[in-house]
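Peer 1:
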Amino acid sequence: QVQLVESGGGLVQPGGSLRLSCSASAGSISNYRMAWYRQAPGKQRELVASITTSRLINYDESVKGRFTISRDSAKNTVYLQMNSLRPEDTAVYYCKADRLSLTYWGQGTQVTVSS
Numbered sequence: 014q015v016q017l018v019e020s021g022g023g024l025v026q027p028g029g030s031l032r033l034s035c036s037a038s039a040g041s042i043s044n045y046r047m048a049w050y051r052q053a054p055g056k057q058r059e060l061v062a063s064i065t066t067s068r069l070i071n072y073d074e075s076v077k078g079r080f081t082i083s084r085d086s087a088k089n090t091v092y093l094q095m096n097s098l099r100p101e102d103t104a105v106y107y108c109k110a111d112r113l114s115l116t117y118w119g120q121g122t123q124v125t126v127s128s
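According to our numbering, the sequence shown is numbered sequentially starting from 14.
#1: Tell me, please, whether the segment 106-115 touches the segment 72-90 by the rule of three or more beta-carbon pairs shorter than 8 Å.
#2: Quick one, which of Ser36, Gly121, Ile70 and Gln94 has its alpha-carbon nearest Gly29's?
#3: Whether or not the segment 17-26 and the segment 36-56 are in contact is what I'm after, with contact meaning three or more pairs of Cβ atoms, one per stretch, closer than 8 Å; do they touch?
#4: Work out the CA separation of Arg112 and Ser67 for me, nearest whole Å.
#5: On the DSSP bridge list, what partners appear for Gly23?
#6: Figure out for me which residue from Asn89, Gln26 and Gly22 has the closest Cα to the Cα of Pro100.
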């Protein structure tokens, strides 16, 4: 069973940057479609970015040009580089791994964008 642990969240001012990390154990991320989701208070969880096993990348329109998803197979870690952060990016960010009928989630990391 894959275990995912997110880190890198925190409080940042508007316009600032953060890099989230999702470290995987008991499984290679190269075999999974990896994705970042986020959930703001009172809202549904939404897809932010994903990267497939063949490195096809998809972004939500709201983060295109600001966020970058990447994968380091040697470190078994997926990253989400977030630039030009806005207050509306405030949410708990979750890492997800998918393979066939298997789905794994991390525990989430809080990102707060506020002055």
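Even glycine gets a Cβ: it sits at the ideal position worked out from N, Cα and C.
Peer 2: Considering the structure as presented:
#1: no
#2: Gln94
#3: yes
#4: 13 Å
#5: Val124
#6: Gln26
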